[in-house]
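Just remember that my numbering sits 5 ahead of the position in the sequence shown, which is counted from 1. Using N, Cα and C, we set each Cβ at its ideal position, and we do this for glycine too. Please read all numbers here as calculations on a predicted model, not as lab measurements.
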Amino acid sequence: MASVQGSVPPLSAIRARRELSFSSPATATPLVSFARSPDTHRQLSVRPGLRRRSVLRAMVQQAVHGAPAAYAKEMERLSAKESLLLAFKDSGGFEALVTGKTTDMQRIDVNERITGLERLNPTPRPTTSPFLEGRWNFEWFGSGSPGFAAARFIFERFPSTLANLPKMDVVIKDGYAKITAKLKFLNSIESKFVLSTKLSVEGPLRMKEEYVEGTMESPTIIEETLPEQLKGALGQATNTMQQLPVPIRDVITSGLTIPLGGTFQRLYMISYLDDEILIIRDTAGVPEVLTRLVSSPSPMAEPTEYES
């Protein structure tokens, strides 16, 4: 029984012992010499089977705690990601969210799937991870987030046929974030509001965001979709613009910038991060979910890890 209680023997040794146990008495060399009593013969015939079962049990235990367990957890994480993205689609997506058409049942379903994915976060220190940088698209935000407040401000004052917010994204690079909200008026006039912020690392999960400035870019007009009753007004506005002094015209063309340094700031925690999805929660615990728009850093930069 010493070989069973010790370390698992190599496969070659197992094969050798199995061959010896099934060899004919004339050619086989016994592993241990005993007197040929009936009881001893029964012990010799039983021990090889017990030894093989012990070896197989040890190999199975090692497999459960090794690569197959990590593979199973990775499959669970990928399934949770797919489930969350499907929940976004079923709830009507970004448009339904910003226009207030998302139902309470859809909200609780999405929040449940967000919580399930956060439990499988593969990045132990997301605030310093190279995966954090890049361009991210807003998929979901709660009632307390700045994005939701901006969207509700627009849709409470303008009907959706007059103005809408089809897209919001953010670029994170070198400790700064640039949030862009794309606005569309009458389905013909497009403009962008850009909010620049400074990011500071407060811990492995926590970050501080300080607003630097906000810029309302000059609108772009899509003449092909402009209503006929507005084309005359557009021509008059263009002529008026050309008659303005160059300094004023340049200011209008470049957009309006509002300094915000030291005025607004917020703390938030990154509860999930990988190469495709970013989830943050503010001080009230309200989640925001973003999906990557451009290619992520090389996976070799930071291997997938799981916290115990």
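To which residues does DSSP link residue i through a beta bridge?
i: P171; result: Looking at the DSSP assignment, P171 forms no beta bridge with any residue, so it has no partner.
i: I119; result: Paired residue(s): none; I119 is not in a bridge.
i: Q270; result: E215
i: A182; result: I177, T202
i: S196; result: L188
i: M221; result: F198, L261
i: N142; result: D174, T296
Kindly list the residues whose CB is nearer than 7 Å to the CB of residue i, restricted to its own chain and excluding five residues on each side of it in sequence; keep chain order.
i: V299; result: G139, R140
i: Q270; result: K213, E214, E215, Y216
i: K94; result: none
i: L265; result: Y216, V217, E218, G219
Is the beta carbon of residue i sitting closer than 8 Å to the one on residue j?
i: L210; j: P131; result: yes
i: S96; j: L278; result: no
i: M173; j: F136; result: no
i: S201; j: M221; result: no
i: V115; j: A85; result: no
i: A186; j: L204; result: no
i: I226; j: I194; result: yes
i: E218; j: I177; result: no
Does the beta-carbon of residue i have 16 or more other beta-carbons within 10 angstroms, so that it is buried, or is it exposed?
i: D109; result: exposed
i: R124; result: exposed
i: S223; result: exposed
i: P127; result: buried
i: I113; result: exposed
i: L106; result: This sequence places Lys at residue 106; Leu is not what is there. Looking at its Cβ environment, which holds fewer than 16 other Cβ atoms inside 10 Å, K106 is exposed.
i: D179; result: exposed
i: A182; result: buried
Near residue i, which residues of its chain fall below 8 Å by C-beta distance, leaving aside the five closest residues on each side in sequence?
i: L272; result: E207, R211, M212, K213, E214, D287, T288
i: I282; result: K86, L89, L122, V294, L295, T296, R297
i: G260; result: T220, M221, E222, S223
i: T268; result: Y216
Near residue i, what residues of its chain come up, given a Cβ to Cβ distance below 6 Å and the 5 sequence neighbours on each side ignored?
i: F99; result: none
i: I184; result: V175, L200
i: L89; result: R118, L122
i: N101; result: At residue 101 the sequence reads Ala, which differs from the Asn that was named. Contacts found: T107.
i: Q111; result: S96
8 Å is my cut-off, CB to CB: does residue i come that close to chain C?
i: V199; result: Structure shown: chain C not included; a single protein chain is present.
Any chance the CB of residue i is under 7 Å from a heavy atom of the ligand MG?
i: F269; result: In the structure shown, the ligand MG is absent, as is every other ligand, since no ligand is present at all.
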